[in-house]
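Below is one structure, written out as structure tokens; comments come after it.
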């Protein structure tokens with residue numbers, strides 16, 4: 001998927017998010033009490049872009065804002081990696097948990113309405129790297145031990 005397809009489709013991808021409910025939670029939890037430019041809504045959208053583009057570091061996210069279409073979609077022109085790091089530490093995880101549960105509920109309701117009562121299964125593909133010398137049983141590659 002190229003960059004232009006991503007930005008033109010971005011509005012469709014974030015449309016299931018209930019922005020009004022999100023804004024109410026942000027206000028209630030005083031998350032955007034003193035926002036300079038990175039509001040919680042913009043932060044969540046930026047995280048979605050980072051996930052879709054498979055960014056590995058905050059610096060990559062910061063550098064991606066060179067794209068004017070992305071700036072327009074997110075509502076700000078630049079952000080430093082340190083500002084992103086601070087927002088990561090400040091965000092109330094209750095907001096993210098409620099957002100996740102709301103989206104899961106919408107998925108289940110959609111499938112139920114279409115006559116399919118399907119189970120939703122979530123797969124965690126994260127890995128924990130281990131020392132191969134101490135954890136020979138967790139051999140993943142020739143020189144790497146991992147637990148999935």
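Numbering (full-length UniProt numbering), first residue to last: 1 to 148.
C-beta: ideal position from N, C-alpha, C; glycine also.
The beta carbon of residue 140 lies closer than 6 Å to those of 146 in the same chain, with the five residues before and after it left out. DSSP, read as helix, strand or coil, puts residue 144 in strand. Shown here, residue 130 sits in a strand according to DSSP, grouped into three states. Rounded to whole angstroms, the Cβ separation of residue 38 and residue 91 is 10 Å, and the two are not in contact under 8 Å. Contact check for residue 95 against residue 20 fails: the beta carbons are separated by 8 Å or more. Rounded to whole angstroms, residue 34 and residue 142 show a C-alpha spacing of 50 Å. Around the Cβ of residue 118, a 10 Å sphere holds fewer than 16 other Cβ atoms; the residue is exposed.
One Cα belongs to residue 22, the other to residue 134, and the distance between them is close to 46 Å. The alpha-carbon of residue 136 is positioned some 47 Å away from that of residue 26. Taking 8 Å as the cut-off, the Cβ atoms of residue 144 and residue 132 count as close. Excluding five sequence positions before and after residue 14, the CB atoms of its chain that fall closer than 7 Å to its own CB belong to 45, 48, given in chain order. With 16 or more other Cβ atoms inside 10 Å of its own Cβ, residue 41 counts as buried.
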